[in-house]
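Undergrad: Sequential numbering from 3 applies to the sequence shown in my numbering.
For each residue, glycine too, the CB sits at the ideal point set by N, CA and C.
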Amino acid sequence: MQSRDEIKRYVAETRASIETQFKHISLRNYPFEDNIIKVIPTKGLYYSENYWLDHLFYITEKGYYFTNEDIFNSIPDEDQPYADFLRGILNIAKVVKFNEDFDDMLKFILSIMKHGRITGISYTQGYNTGKKKYLYSHRYYSWIGSEYRDN
């Protein structure tokens with residue numbers, strides 16, 4: 003098992019590499035809709051351990067990236083359908099991964115994520131006002147008006 007410091011170092015190195023090509027999702031104009039086109043694992047983490055799934059980077063069609071933490075730490079899960087969707091994918095991946103090749107596992111995760119898209123909006127209710135909320139939507143449905151879809 004790798005130490006926490008080792009994991010943090012690998013995550014920081016991978017993030018630095020990704021930031022040369024993509025912007026963080028927090029820099030987007032809200033509201034927005036986007037599709038996930040790529041899943042990038044943190045380089046250096048052991049595939050034999052489940053924690054590699056906690057440190058994935060997701061690349062969107064419009065050139066942004068986000069991590070699991072960005073979604074899970076924004077607001078409580080019950081108000082955030084995309085967190086439930088992402089957690090479900092990761093739980094399925096933990097079960098399936100023991101029988102899959104690493105590259106096949108990443109393709110599997112991406113294939114599930116391609117069934118929907120992420121919608122980001124600013125939260126406007128209660129004590130979470132100003133934080134970001136992420137919704138899951140089907141490819142043929144939109145939570146936001148057409149004037150915001152290109153944000």
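Thinking just about the alpha-carbon of each residue, which of LEU55, GLY132, TYR49 and TYR125 is nearest to the one in ARG89?
TA: LEU55
Undergrad: If you check the beta carbons only, do TYR136 and ALA85 fall under 9 Å apart?
TA: yes
Undergrad: May I ask which residues mark the beginning and end of the beta strand (DSSP E) holding LYS135?
TA: 134-140
Undergrad: Nearest CA to the CA of ILE42: which residue from LYS10, ILE20, TYR48 and TYR53?
TA: ILE20
Undergrad: Is the beta carbon of TYR125 sitting closer than 9 Å to the one on SER76?
TA: Against a cut-off of 9 Å, the Cβ pair of SER76 and TYR125 comes out as a contact.
Undergrad: Please work out which residues of its chain come closer than 6 Å, Cβ to Cβ, to MET115, disregarding the five sequence neighbours upstream and downstream, and give them in chain order.
TA: ILE38
Undergrad: What are the start and end residues of each continuous alpha helix (DSSP H) run of 4 or more residues lying completely inside the region 65-94, in chain order?
TA: Here the runs fully enclosed are 70-74.
Undergrad: Using the three-state DSSP reduction, which class does PHE24 fall into: helix, strand or coil?
TA: coil
Undergrad: Looking at PHE110: is its Cβ nearer than 9 Å to the Cβ of TYR49?
TA: no
Undergrad: Taking PHE87 as the reference, give the member of THR62, VAL97 and TYR138 with the closest Cα.
TA: TYR138
Undergrad: Taking C-beta to C-beta, are TYR67 and PHE74 nearer than 9 Å?
TA: No.
Undergrad: With distances taken Cα to Cα, identify the nearest neighbour of ILE123 among ARG17, LYS99 and SER28.
TA: SER28
Undergrad: How about ILE120 and THR62: do their beta carbons lie closer than 9 Å?
TA: yes
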